[in-house]
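Peer 1: Take this structure, written in structure tokens, and hold onto it; I'll ask about it next.
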Amino acid sequence: MKLKTVSVHIVTYNSADDIAECLSAVLAQDYPVKKIVVVDNASTDGSAEKVRAFYHELTQGSARMRIDPLHSVDAAAISSNTAASANYVGSLESPYIPNLVLLENEHNTGFAPAHNQAIAGTSTDYVLVLNPDLTLAPDYISRLVARMEADSRIGSATGKLLLKADHSLVDSTGLRMNKARRAFDRGAGEPADQWNESGEVFGVSGAAAMYSRRMIEDISVEGEFRRGLFCL
């Protein structure tokens, strides 16, 4: 049975202290990731350089590695929905070491536009939108893909997110909506061991959200998967 393809999209903004740990956790997944797209929103702390250094160190000395020349991002391409201009960092033949594409924006475009850049540059069956300060458990992707493949009605899913400062507490188990139509992180601040059952939620936190390509294409407006629609 052919595995569904997955890409991981990370938007960085002064994320140099976190990005290497985040990428390491992505590479440690027990499910193959086809591509990693990092969009740097004009960081001033060397985040983009940290990404390049991390990947080059990872692949240094590999006979299978192919490094293409880095080139500057075209500002016109950034302002459109195309992802034609990129820093193509590296590619390996092994399916378990994904290609890494680094997009460097001249200005901070914000969370949603940056992720639309990444989405436009991939065609995988599933997209994992991931915050750079989040570290995935090794089976995070495989468990979400398995659940979503089991029910084609599921367009988005998330795992149990824990506070980085205290893993005994929940950050989010999805989003709930109150009567005033305000969304809140379900279980936030509560003991993590009290949230072990899967279930339906109103939406998912954008910190580590898996989206199916079919849903993205179905709800996109003028080619954009708008941030306001992430909760559907």
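Everything in the sequence shown is counted per our numbering, starting at 1 for the first residue and increasing by one.
Even for Gly, the Cβ is constructed at its ideal location relative to N, Cα and C.
Nothing here was measured: the structure is a model prediction, and the numbers come from that model.
Looking only at DSSP bridge pairs, what is residue 103 linked to?
Peer 2: Your numbering for residue 103 matches position 103 in the sequence shown. 39.
Peer 1: Mind checking residue 184: buried by the 16 CB within 10 Å criterion, or exposed?
Peer 2: Numbered from 1 along the sequence shown, position 184 holds the residue referred to as residue 184. Exposed, because fewer than 16 other Cβ atoms sit within 10 Å of the Cβ of residue 184.
Peer 1: If you scan the region 10 to 58 from start to end, which runs of the alpha helix (DSSP H) of 4 or more residues do you find wholly inside it?
Peer 2: 19 to 27
Peer 1: Return helix, strand or coil for residue 145, following the three-state DSSP convention.
Peer 2: Numbered from 1 along the sequence shown, position 145 holds the residue referred to as residue 145. If DSSP states are grouped into helix, strand and coil, residue 145 belongs with the helices.
Peer 1: State the DSSP-derived secondary structure class of residue 279, mapped to helix, strand or coil.
Peer 2: Absent from the model: residue 279. The displayed extent of the chain is 1 to 232, so no value can be given.
Peer 1: Using only the alpha-carbon positions, how far apart do residue 25 and residue 17 sit?
Peer 2: Taking the first residue of the sequence shown as position 1, residue 25 is located at position 25. Taking the first residue of the sequence shown as position 1, residue 17 is located at position 17. Their Cα atoms are separated by approximately 14 Å.
Peer 1: Looking at C-beta atoms only, is the number of pairs between the region 195 to 207 and the region 157 to 165 that lie closer than 8 Å three or more?
Peer 2: yes
Peer 1: I want to know whether the region 28 to 43 touches the region 7 to 14 - three or more CB-CB distances under 8 Å.
Peer 2: Between the region 28 to 43 and the region 7 to 14, the count of Cβ pairs shorter than 8 Å is three or higher; the stretches touch.
Peer 1: When you compare only the Cα positions, how much space is there between residue 212 and residue 114?
Peer 2: Position 212 of the sequence shown, counted from the first residue, corresponds to residue 212. Position 114 of the sequence shown, counted from the first residue, corresponds to residue 114. One C-alpha to the other measures close to 18 Å.
Peer 1: Which same chain residues end up closer than 6 Å to residue 15 when comparing Cβ atoms and leaving out the 5 residues on each side of it in sequence?
Peer 2: Position 15 of the sequence shown, counted from the start, is the residue given in the question as residue 15. Cβ neighbours of residue 15 beyond the five flanking positions: 47 and 132.
Peer 1: Keeping to the same chain, check which residues put their C-beta closer than 8 Å to that of residue 147; ignore five residues upstream and five downstream.
Peer 2: By one-based count along the sequence shown, residue 147 stands at place 147. Closer than 8 Å at Cβ, skipping near neighbours: 154, 157 and 198.
Peer 1: I'd like to check one pair, residue 60 with residue 141: are the Cβ atoms closer than 7 Å?
Peer 2: If you number the sequence shown from 1, residue 141 lands on position 141. If you number the sequence shown from 1, residue 60 lands on position 60. No, the pair does not count as a contact, with Cβ atoms beyond the cut-off.
Peer 1: Which of the three DSSP states is assigned to residue 208 in this structure?
Peer 2: Position 208 of the sequence shown, counted from the first residue, corresponds to residue 208. Here residue 208 sits in strand by DSSP.
Peer 1: Just the C-alpha distance for residue 86 and residue 3, rounded to the nearest angstrom, thanks.
Peer 2: By 1-based counting over the sequence shown, the position of residue 86 is 86. By 1-based counting over the sequence shown, the position of residue 3 is 3. Only weak support is given to the placement of residue 86: the predicted model assigns it a pLDDT of 47, under 50, and the question is left unresolved by the model.
Peer 1: Excluding five sequence neighbours on each side, which residues of the same chain lie with their C-beta closer than 7 Å to the C-beta of residue 13?
Peer 2: The sequence position of residue 13 within the sequence shown is 13, counting from 1. The answer, listed in chain order, is 41, 43 and 108.
Peer 1: Among the residues of its own chain, which have a CB less than 7 Å from the CB of residue 186, if the five just before and after it don't count?
Peer 2: Locating residue 186 in the sequence shown gives position 186, counting from the first residue. If we look at residue 186 and ignore the five residues flanking it on each side, its Cβ neighbours are 172, 173, 174, 175, 176 and 201.
Peer 1: Which of helix, strand or coil does DSSP assign to residue 218?
Peer 2: Within the sequence shown, numbered from 1, the residue matching residue 218 stands at position 218. Helix.
Peer 1: I need the DSSP call for residue 151, collapsed to helix, strand or coil.
Peer 2: The residue given as residue 151 occupies position 151 in the sequence shown. Residue 151: coil per DSSP, three-state reduction.
Peer 1: At a cut-off of 6 Å, is residue 186 close to the ligand NAD when judged by its beta-carbon and the heavy atoms of the ligand?
Peer 2: The ligand NAD is not among the ligands present in this structure, which contains no ligands whatsoever.
Peer 1: In or out: residue 121 buried (at least 16 other Cβ within 10 Å) or exposed?
Peer 2: To locate residue 121, count along the sequence shown from 1; it is residue 121. Buried is the call here.
Peer 1: Note down, in chain order, each residue of its chain lying with its Cβ closer than 7 Å to the Cβ of residue 188, except the 5 sequence neighbours on either side.
Peer 2: Your numbering for residue 188 matches position 188 in the sequence shown. Here the set comprises 170, 171 and 172.
Peer 1: What residue range does the beta strand (DSSP E) around residue 157 cover?
Peer 2: In the sequence shown, residue 157 corresponds to position 157, counting from 1. Counting along the chain, the beta strand (DSSP E) containing residue 157 begins and ends at 156 to 158.
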